[in-house]
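*Asks:* What follows is a single structure, and I will ask about it in a moment.
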Amino acid sequence: MNDGQRTGLLDLVLETHGGRERWSRVRTVRAHLHMVGPTWTGLGQEKTFAGVDLTVDVHRQRTVFTDYTGRELRGVYTPAGSRSKTPTVSCSRSAARPASPSRRESAVRGGTRCTRCTAGYGMWNYLTNPYLLTLPGVLTEELEPAGGRDWRRLHVTFPSYLATHSTQQTFYYDERGLQRRVDYSPYVLGNLPATHHTEAHQAVSGLLFPTHRYVLPVVDGKLASRPTIMSHHDIAEAMATELGHPVHYEPISVEEFAASGLEKGADAHLVQHLSNVAIDYRNGVFSGTNDVVEKIGGRPPLSVAQFVAENRADFATSGPRFVPAP
Numbered sequence: 001m002n003d004g005q006r007t008g009l010l011d012l013v014l015e016t017h018g019g020r021e022r023w024s025r026v027r028t029v030r031a032h033l034h035m036v037g038p039t040w041t042g043l044g045q046e047k048t049f050a051g052v053d054l055t056v057d058v059h060r061q062r063t064v065f066t067d068y069t070g071r072e073l074r075g076v077y078t079p080a081g082s083r084s085k086t087p088t089v090s091c092s093r094s095a096a097r098p099a100s101p102s103r104r105e106s107a108v109r110g111g112t113r114c115t116r117c118t119a120g121y122g123m124w125n126y127l128t129n130p131y132l133l134t135l136p137g138v139l140t141e142e143l144e145p146a147g148g149r150d151w152r153r154l155h156v157t158f159p160s161y162l163a164t165h166s167t168q169q170t171f172y173y174d175e176r177g178l179q180r181r182v183d184y185s186p187y188v189l190g191n192l193p194a195t196h197h198t199e200a201h202q203a204v205s206g207l208l209f210p211t212h213r214y215v216l217p218v219v220d221g222k223l224a225s226r227p228t229i230m231s232h233h234d235i236a237e238a239m240a241t242e243l244g245h246p247v248h249y250e251p252i253s254v255e256e257f258a259a260s261g262l263e264k265g266a267d268a269h270l271v272q273h274l275s276n277v278a279i280d281y282r283n284g285v286f287s288g289t290n291d292v293v294e295k296i297g298g299r300p301p302l303s304v305a306q307f308v309a310e311n312r313a314d315f316a317t318s319g320p321r322f323v324p325a326p
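For the sequence shown, full-length UniProt numbering gives the first residue as 1, with consecutive numbering after it.
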């Protein structure tokens, strides 16, 4: 789209993530990657991307993985193929758009043949977003909000010369313009619909990047959820990442929590309710379940980062041991 056609949402998103002018001056983005999950495990590649460094070129599709499958080895991805430079593992491809013959079987064959291709164009898309949405031939259209929250949606159609997960994708942004979710049907997974969630945004050299991602399948038109096992210290760390300052976990009794809440003027009925929930949690009432939030509240559960983002104002003034951030 030209500048006159670009939606106001895209302008907000670009400004939030550092501004189009700053992005246009950046040549490369470097990151440390820890990418694991059932997709990679199913391809026999569960450790391939669990702790590698990578560099992407912002203005052309090129991704270089270092220490890829071994010390001092590199995996290089480009859409039209790669030149090998010892010690380099190259990825040869004949077209930008990944092939998608048939659902999961094709994904396994294609992934085994060239996992670095999938990771290569995937990480390039992730680390150049949202600047890539301004590239020639990329079409954007703002849709009505959906998903049970006031997230604005941007439908994107990618041109054939760009290697990406799927031609049609829908991006979700919160009120600040931070990317929170993407709906797509990845070619490499046989066009199976999925949702890609992003959180824990951090600023680096004036640009903003989500530092944690996870993908959930869509089953029978409904977003699947999965249990995430986190200790209280894990939760505190996730909160600290989202808030941008240290968060310390200190266990207190239910009685201490209730007394502190009442002392700070919290509603007595709310304090009683939260205290009873805490007691049930302690007694294992919710053990083995992962749908309590959706059954009671009618909406999917939030990750820690999503909960903090939606209730950020409360974290600035509340908590029984609240200490203002320095």
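All C-beta atoms in this analysis are idealised placements derived from N, C-alpha and C, irrespective of residue type, glycine included.
Please return the same chain residues whose Cβ sits closer than 7 Å to the Cβ of residue 63, not counting the five positions on each side in sequence.
*Replies:* Answer for residue 63: 54, 56, 77, 120, 123, 124, listed in chain order.
*Asks:* Tell whether a beta-carbon distance below 7 Å holds between residue 136 and residue 17.
*Replies:* Result no, Cβ atoms of residue 136 and residue 17 do not sit closer than 7 Å.
*Asks:* Touching or not, the segment 260-275 and the segment 205-213, by the rule of three or more beta carbon pairs under 8 Å?
*Replies:* Judged by Cβ distances under 8 Å, the segment 260-275 makes no contact with the segment 205-213, as fewer than three pairs qualify.
*Asks:* What is the DSSP secondary structure of residue 31, counted as helix, strand or coil?
*Replies:* Of the three classes helix, strand and coil, the one that applies to residue 31 here is strand, per DSSP.
*Asks:* Could you pull out every unbroken alpha helix (DSSP H) segment of at least 4 residues lying fully inside the segment 233-298, listed in chain order?
*Replies:* List check, alpha helix (DSSP H) in window: 254-263, 268-282, 292-297.
*Asks:* By alpha-carbon positions, which one of 61, 74, 68 ends up nearest to residue 80?
*Replies:* The option with the nearest alpha carbon to residue 80 is 61.
*Asks:* Please report how far the alpha carbon of residue 159 lies from the alpha carbon of residue 132, in whole angstroms.
*Replies:* Each residue's alpha carbon lies about 11 Å from the other.
*Asks:* Alpha carbon to alpha carbon, what distance is there between residue 73 and residue 65?
*Replies:* Each residue's Cα considered, the two are about 8 Å apart.
*Asks:* Cβ atoms of residue 247 and residue 236: under 7 Å apart, would you say?
*Replies:* Cβ atoms of residue 236 and residue 247: closer than 7 Å.
*Asks:* Please determine, among 145, 48, 254, the residue with the shortest C-alpha to C-alpha distance to residue 279.
*Replies:* Residue 254 is the option with its Cα nearest to residue 279.
*Asks:* Taking C-alpha atoms, which residue in 232, 301, 128 lies nearest to residue 28?
*Replies:* Checking every option, the nearest Cα to that of residue 28 belongs to 128.
*Asks:* Measuring alpha carbon to alpha carbon, tell me which of 264, 214, 200 ends up nearest residue 239.
*Replies:* Residue 239 has its Cα closest to that of 200, out of 264, 214, 200.
*Asks:* Compute the Euclidean distance between the alpha carbons of residue 14 and residue 23, then round it to the nearest angstrom.
*Replies:* Whole-angstrom Cα-Cα distance: 9 Å.
*Asks:* With a threshold of 16 other CB atoms inside 10 Å of the CB of residue 118, please say whether the residue is buried or exposed.
*Replies:* Per the 10 Å Cβ criterion, buried.
*Asks:* Rounded C-beta distance between residue 151 and residue 126? I'm assuming under 8 Å.
*Replies:* The pair is not a contact, with the Cβ atoms about 19 Å apart (cut-off 8 Å).
*Asks:* Quick check: what's the CA-CA separation for residue 31 versus residue 187?
*Replies:* In a straight line, the C-alpha of residue 31 is about 25 Å away from that of residue 187.
*Asks:* Expressed to the nearest angstrom, what Euclidean distance is found between the alpha-carbon atoms of residue 8 and residue 277?
*Replies:* Distance between the alpha carbons of residue 8 and residue 277 is about 43 Å.
*Asks:* Is residue 195 near residue 181, with beta carbons less than 7 Å apart?
*Replies:* Their beta carbons are under 7 Å apart, which means residue 195 touches residue 181 by this criterion.
*Asks:* If I follow the unbroken alpha helix (DSSP H) through residue 183, where does it start and stop?
*Replies:* Residue 183 -> not in any alpha helix (DSSP H); beta strand (DSSP E) instead, spanning 179-184.
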